[in-house]
Amino acid sequence: MLHMIAIGRMKDRVEKDLFSRYAERLSPRLRLTELPEGRGATVEIKRREGQALLAALPARAHVVAMDEGGRAHDSLSFARALERWMGLSRPICFLIGGAEGLDSCVMERADDTLSLGPMTWPHMLVRGLLAEQLYRARAIATGHPYHRAGRPD
61 MLHMIAIGRM KDRVEKDLFS RYAERLSPRL RLTELPEGRG ATVEIKRREG QALLAALPAR
121 AHVVAMDEGG RAHDSLSFAR ALERWMGLSR PICFLIGGAE GLDSCVMERA DDTLSLGPMT
181 WPHMLVRGLL AEQLYRARAI ATGHPYHRAG RPD
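The end of the sequence shown is residue 213 by our numbering, with every number in the run present.
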């Protein structure tokens with residue numbers, strides 16, 4: 061099972077469409093759980109959101125925290141990592157924090173961390189970007205022609 065657990069609710073139609081375009085084509089299906097954003101001071105927001113993310117995890121989950129300091133893969137190495145995680149026969153849960161990022165309790169619980177690169181991305185956009193990369197990784201693993209390795213001449 062692939063599961064994305066994220067802080068905040070997508071309201072923008074473009075963001076929802078981008079996520080849906082790839083999530084609906086994925087096998088296994090990608091489940092999305094959106095949690096309310098925290099309120100209060102920054103430290104309190106991160107703490108509350110972190111607790112909510114951890115509470116939403118299914119039992120035995122393999123947790124991948126989306127973090128700008130996480131490991132940045134190229135498409136082929138991400139496909140290999142995803143296949144390795146799927147081989148664990150545990151739910152794979154990608155955790156996306158809110159605007160303040162992930163609390164240390166989430167980072168401590170994470171089995172792996174993942175970055176979409178050194179640029180900062182809006183947390184609402186990360187859902188669609190990650191869904192596309194998951195779709196690409198599964199396409200690579202199954203030999204589907206979606207991913208084109210190399211650069212055009």
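C-beta: ideal position from N, C-alpha, C; glycine also.
| Query | Result |
| --- | --- |
| What do you reckon, are the CB atoms on M126 and L190 nearer than 8 Å? | yes |
| So, is R187 buried or exposed, given that buried needs 16 or more other C-beta atoms within 10 angstroms? | buried |
| I'd like to know if the segment 171-185 and the segment 125-143 are in contact, where contact means that at least 3 CB-CB pairs between them fall below 8 Å. | yes |
| Can you check the segment 117-162 for any beta strand (DSSP E) of at least 3 residues that lies completely inside it and give the ranges in chain order? | 122-131, 152-156 |
| Whole angstroms are fine: how far does the CA of S137 sit from the CA of E143? | 10 Å |
| Under 8 Å, do C153 and H122 count as touching if we go by C-beta distance? | yes |
| How about R43 and D72: do their beta carbons lie closer than 8 Å? | Absent from the structure is residue 43, since the part of the chain shown begins at 61 and ends at 213. |
| Hey, out of V74, G161, W145, E84, whose CA is closest to E109's CA? | G161 |
| Let me check one thing: in DSSP terms, what residues is L62 bridge-paired to? | L90, I152 |
| Please check the pair R196 and S87, which I expect to be a contact at CB under 8 Å, by giving their CB distance rounded to whole angstroms. | Contact flag wrong, Cβ pair sits at about 13 Å. |
| Please identify the residue among P118, E75, G158, M61 whose C-alpha is closest to the C-alpha of R89. | M61 |
| DSSP puts D172 in a beta bridge; with which residues? | V124 |
| Exposed or buried, what is G147 when buried is set at 16 or more other beta-carbons lying within 10 Å of its beta-carbon? | exposed |
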